[in-house]
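K.L.:
Have a look at this one before I ask anything.
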Amino acid sequence: MDETPVQLPALGCLELRSHPQRGRGVFTQQAIAKGTLIHISPVLVFSQAEYSEHGKHTCLDHYTYCWRGGTFALALGLGSMFNHEPSGLENVGFVRDMDQALIKYIALRDIAAGDELCICYGPNVWFDIVSDEVRGADAGHSPPEADDFLSSIVIGIM
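According to our numbering, the sequence shown is numbered sequentially starting from -11.
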C-alpha cells in the first residue's frame, strides 16, 4: 500500500439522516456542484479466505466493495452509509484507489440542498429498490455521461 499522506476533504454540509424506506443515509444541507470531491473513505481490506469464512456471514457483507485480487474492502466513514440508486439515477460516483486503500466519492451532477447522496451498488442488489428519482429524460444524466465524467476527473483527485 502507498504510504503517501492523503488530504481528506471535509464538507461540513453532510449529515446522516433516516430515509423512511432505505434507513440511514447521507444527505447534504447545502448545494454541491458537479465534480465536487465529496468524501474519501479509507478501507479495510479482507483476504478472500477471511471474507469467505467470516465476512460474508455477517451484516458487513452488505457494506463491502470488490477489491483487487478477489479481496473485499469495507469502506469506513461515510463510504458505508451511501444508499443505492439504480444506474443512471445515482448522484454520486466512486473511484477505488487501490494503491492507497481509499474510495473517493464525487458528485456526478449538481446536487440540491436537502437531497440524499446515493451511489449505484450495481445491477445485482439483495433488497427491493426504493427510488426517489423518476426514470426518463429528466433523470439528470445517463450512465455513459456519468462514466465519461468520472473518467475525466479521476486524474485530478488522485
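In this text, a Cβ means the ideal position worked out from N, Cα and C, and glycines have one as well.
Source: prediction; values computed, not measured.
Determine the contact status of phenylalanine 70 and leucine 32, defining contact as a CB-CB distance below 9 Å.
P.N.:
Taking a C-beta distance under 9 Å as the contact criterion, phenylalanine 70 and leucine 32 do not qualify as a contact pair.
K.L.:
Once the 5 residues before and after methionine 146 are set aside, which same chain residues still bring their CB inside 7 Å of it?
P.N.:
Because the pLDDT of methionine 146 is 34, which lies under 50, any placement of that residue in the model is unreliable, and the number read from its coordinates should be weighed accordingly. So the list reads Asp85, once near-sequence residues are dropped.
K.L.:
Please report how far the alpha carbon of serine 35 lies from the alpha carbon of tyrosine 53, in whole angstroms.
P.N.:
12 Å
K.L.:
Using the three-state DSSP reduction, which class does alanine 95 fall into: helix, strand or coil?
P.N.:
strand
K.L.:
Going by alpha carbons, who is nearest to valine -6 out of Arg12, Ser29, Cys1?
P.N.:
Ser29
K.L.:
Assign glutamate 38 to one of two classes, buried (16 or more other C-beta atoms within 10 Å of its C-beta) or exposed (fewer than that).
P.N.:
Exposed, by the Cβ-count rule.
K.L.:
Glycine 67 by DSSP, collapsed to three states: which one?
P.N.:
helix
K.L.:
According to DSSP, simplified to helix, strand and coil, what is isoleucine 104?
P.N.:
Just to set this straight, residue 104 is glutamate in the shown sequence, not isoleucine. If DSSP states are grouped into helix, strand and coil, glutamate 104 belongs with the strands.
K.L.:
Within the same chain, show all residues whose beta-carbon is closer than 6 Å to that of histidine 7, passing over the 5 residues directly before and after it, in chain order.
P.N.:
Gly13
K.L.:
Could you please give me the residues that DSSP links to tyrosine 53 through a beta bridge?
P.N.:
Ala61
K.L.:
Reducing DSSP to helix, strand and coil, say where glutamate -9 ends up.
P.N.:
coil
K.L.:
Which of helix, strand or coil does DSSP assign to glutamate 38?
P.N.:
helix
K.L.:
Quick one: what's got a C-beta closer than 8 Å to phenylalanine 15's C-beta in the same chain, skipping five residues either side?
P.N.:
Leu2, Glu3, Leu4, Arg5, Gly102, Asp103, Glu104, Leu105
K.L.:
CA-CA distance, threonine 24 and glycine 67?
P.N.:
16 Å
K.L.:
Helix, strand or coil for histidine 78 per DSSP?
P.N.:
Before going further, note that residue 78 is glutamate rather than histidine in the sequence given. In the three-state reduction of the DSSP assignment, glutamate 78 falls in the coil class.
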